[in-house]
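Chemist: Those letters in the sequence shown? Residues 2 to 219, per our numbering, in order.
Here a beta-carbon is modelled for each residue, glycine too, at the ideal position from N, C-alpha and C.
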Amino acid sequence: MFDLPIEGAQLMAVEFGDIVAYFSVYTGTLFAFALLFTVLAIVSLPERPMDIVFGGDAYYTKEIPLDLLRFQRFMAIACGLATLGAVVSGDIFNFTLFGSMIGITNIGIVAAVKNRHVLEAAYQYGIVAMVATVPLFGGAAIVLASTGTLSIWALAGAAAVPLLAKIFLVLGVMGEGMAPFYIGKAEITRAPGAPYVLMIHVSSLLLFLRVVEIVLTV
C-alpha cells in the first residue's frame, strides 16, 4: 500500500494479532501533531479569561474552579489519545471506534462548563455526534459486507470498497469530529479552559485528514 502517492514511504508497522497500526510519512505526520498537542494538554497551565467593561478601563479576571479544570484536562488527554489511535489504525472498525471516542471526549471537554449558551451548544452537538454514529459504523459494516475484511492493508489499492461506504465514513467523521458543524456553534469553542478546548479543533482536523487518506487508499 505504500506505493500509493498519498502514503509516502513506510516508516514502521506495529502488529497486534490481525490488527496493524502503520506509520507512513502521512500518518506519521498526523501522529506527531496529535502527540504534540496531547503533551501540551498534559503540561500546560489553563488560561484565566478576562472580561472587559464596555466603555471603560475596568476589567476583571474569572476564576475557573479546580475541579472543572481537572475534568477538562482529563477529557483533553483522552481526546488526544483517541486521536493518536485514529490516525495510525490499520483497521476501519478500530478507526470508527476511535472516531466515536473523539466525539464523546469533545463533548466532555465543554460539558462541565456552567454556562447556558455553552451547554446548549454542547447538547446540540451531542445530538449530531450520536446521529453520526449511524453512517460511521454503517460505512464500516458496508465495507465488511462487500469485501469480507476491514483491514486497510488488504483493501489498499483494490478499489473494492463501494462509494456509498466511503460517503458514509466521511459523513460520520464530519459529525463525530464536529467539523464543519462547530462553525455554527461558536459557543462551544468559546468555553473557558484553553488550551484544553484547542483539542476540539486539533482532533477534528486530524480525524478528517485521516478519513480522506482512508477513502483515497481503499
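Out of curiosity, what's the CA-to-CA distance linking L165 and G140?
Modeler: Each residue's Cα considered, the two are about 7 Å apart.
Chemist: Quick one: measure Cβ to Cβ for G81 and F24, integer angstroms, because I've assumed they're closer than 8 Å.
Modeler: That pair is no contact at about 17 Å.
Chemist: Got a sec, what are the start and stop residues for the beta strand (DSSP E) E48 sits in?
Modeler: That residue, E48, is in no beta strand (DSSP E); it is neither H nor E in DSSP.
Chemist: Could you say if the stretch 151 to 158 and the stretch 128 to 135 meet the contact criterion of at least three C-beta pairs nearer than 8 Å?
Modeler: The answer is no - the stretch 128 to 135 does not touch the stretch 151 to 158, with fewer than three Cβ pairs under 8 Å.
Chemist: Have a look at T28 and S204 and give me their C-alpha separation to the nearest angstrom.
Modeler: Whole-angstrom Cα-Cα distance: 14 Å.
Chemist: Express the C-alpha separation of T30 and Y126 in angstroms, rounding to a whole number.
Modeler: Whole-angstrom Cα-Cα distance: 28 Å.
Chemist: Indicate the three-state DSSP secondary structure (helix, strand or coil) for E214 in the structure shown.
Modeler: It is helical.
Chemist: So what's L151 in DSSP terms, helix, strand or just coil?
Modeler: In the structure shown, L151 sits in coil (DSSP, three-state: anything other than H, G, I, E or B).
Chemist: Measuring CB to CB, does I110 end up less than 8 Å from I201?
Modeler: Contact: yes.
Chemist: Can L172 and P136 be called in contact, C-beta distance under 8 Å?
Modeler: Yes, these two residues count as a Cβ contact at 8 Å.
Chemist: Could you check which residue in A160, F169, I108 and T148 has the C-alpha nearest to that of F1?
Modeler: This structure cannot settle anything about residue 1, because the visible part of the chain is limited to 2 through 219.
Chemist: Answer yes or no: do V162 and V144 have a C-beta to C-beta separation smaller than 8 Å?
Modeler: Yes, the pair counts as a contact, with Cβ atoms nearer than the cut-off.
Chemist: With I168 as the anchor, note down where its alpha helix (DSSP H) starts and where it stops.
Modeler: Run containing I168: L164 to E177, per the alpha helix (DSSP H) assignment.
Chemist: What residue does the beta strand (DSSP E) around A161 start on, and which one ends it?
Modeler: It is not in any beta strand (DSSP E) - A161 carries neither H nor E in the DSSP assignment.
Chemist: Once the 5 residues before and after M76 are set aside, which same chain residues still bring their CB inside 6 Å of it?
Modeler: Once the five neighbours on either side are set aside, the close Cβ partners of M76 are T106, G109 and I110.
Chemist: Taking the CB atoms as reference points, tell me whether P196 and S45 lie closer together than 8 Å.
Modeler: Yes. Within cutoff.
Chemist: Just verifying my parser: in three-state terms, what is the DSSP assignment at A14?
Modeler: Note: A14 maps to strand in three-state DSSP.
Chemist: Restricting to Cα atoms, I'd like to know which of E214, L217, I65 and L199 is closest to L35.
Modeler: Looking at the sequence itself, residue 35 is Ala, so the reference to Leu does not match. Nearest C-alpha to A35: L199.
Chemist: Excluding the five sequence neighbours on either side, which residues of its own chain have a C-beta within less than 6 Å of the C-beta of I93, listed in chain order?
Modeler: Answer for I93: A141, V144 and L151, listed in chain order.
Chemist: Opposite D92 in the DSSP bridges: which residues?
Modeler: S152.
Chemist: Taking C-alpha atoms, which residue in V219, I128 and E64 lies nearest to E177?
Modeler: Among V219, I128 and E64, the Cα nearest to that of E177 belongs to I128.
Chemist: In the DSSP assignment, find the unbroken beta strand (DSSP E) run with I65 in it and report its ends.
Modeler: Careful: I65 lies outside any beta strand (DSSP E) and carries neither H nor E.
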